[in-house]
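Residue numbers (our numbering), protein chains in the order written: chain Z, 4 to 86; chain W, 4 to 86.
Note that CB positions come from ideal geometry on N, CA and C, so glycine has one too.
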DNA sequence: CGTAAATTTGCCAAGAAATGTCAAGACGTG
DNA sequence: CACGTCTTGACATTTCTTGGCAAATTTACG
């Protein structure tokens, strides 16, 4: 499937899509959803990967990342944001 | 210690500091560091909490947060960003 | 109560960052 | 070479972040 089609599905220029595909740009949520739809893949899975990526980018390069993730985990447990 | 002093230490308006303290604004990294310094607390700990907060904000409200955290964890292990 | 200090809130503006487009060039293939 | 596709870089646009100001509210205390 040519980028042209994907790009069209996302309402963006092929140039932009290209960058997203190459990881030079972050997709936005709606775009991830649209991609899941067009490619007929599991949207939730894709969103998870996309979020994991964002989190990774936020914490990579830090020290004690495990600690940070643990703290987050505790907060999740505590406030029961698990849906 | 009055907000006025903290605010002064961060070179910002008390109003702005107030928002940060109430969680209506995110502090920026340098500000967290400055706070640690002024309050004479462990900077690394504070930064960890601050980052955990940011991550939490990013994922709370999502489903399967644990999955997401796991994925991140794997990436960390894989690419050895643990400093 | 009355006053002053401290905190909070709402709103706006400047700047930074993210996202997008365009035009030109690179790459592959008939 | 000619075509379609993909990539790149410079620049435009949109969106988010940050901070200030002024006014409102709360708190402290005589």
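Using a Cβ-Cβ distance under 8 Å, would residue i count as near chain W?
i, result
"residue 45 of chain Z", "no"
"residue 35 of chain Z", "no"
"residue 40 of chain Z", "no"
"residue 16 of chain Z", "no"
"residue 52 of chain Z", "yes"
Considering residue i, what are the terminal residues of the alpha helix (DSSP H) in which it resides?
i, result
"residue 19 of chain Z", "17 to 25"
"residue 33 of chain W", "32 to 42"
"residue 65 of chain W", "Premise fails: residue 65 of chain W is in no alpha helix (DSSP H) and is neither H nor E."
"residue 7 of chain Z", "6 to 13"
Express the C-alpha separation of residue j and residue i in angstroms, rounding to a whole number.
i, j, result
"residue 15 of chain W", "residue 44 of chain W", "20 Å"
"residue 17 of chain W", "residue 41 of chain Z", "50 Å"
"residue 51 of chain Z", "residue 69 of chain W", "10 Å"
"residue 10 of chain Z", "residue 47 of chain Z", "21 Å"
"residue 6 of chain Z", "residue 67 of chain W", "31 Å"
"residue 28 of chain Z", "residue 33 of chain W", "26 Å"
"residue 23 of chain W", "residue 8 of chain Z", "44 Å"
"residue 55 of chain W", "residue 19 of chain Z", "31 Å"
"residue 13 of chain W", "residue 30 of chain W", "10 Å"
"residue 75 of chain W", "residue 21 of chain W", "33 Å"
"residue 57 of chain W", "residue 49 of chain W", "12 Å"
Closest by CA to residue i, which one among the options?
i, options, result
"residue 77 of chain W", "Z:62, Z:18, Z:36", "Z:62"
"residue 59 of chain Z", "W:64, W:72, W:49, W:32", "W:72"
"residue 64 of chain Z", "W:80, W:68, W:22, W:4", "W:80"
"residue 38 of chain W", "W:75, W:56, W:4", "W:4"
"residue 36 of chain W", "W:74, W:53, W:57", "W:53"
How should residue i be labelled, buried or exposed, when 16 other C-beta atoms within 10 angstroms of its C-beta is the threshold for buried?
i, result
"residue 82 of chain Z", "exposed"
"residue 25 of chain Z", "exposed"
Let me see if you follow: with CB-CB separation under 8 Å, is residue i close to chain Z or not?
i, result
"residue 55 of chain W", "yes"
"residue 78 of chain W", "yes"
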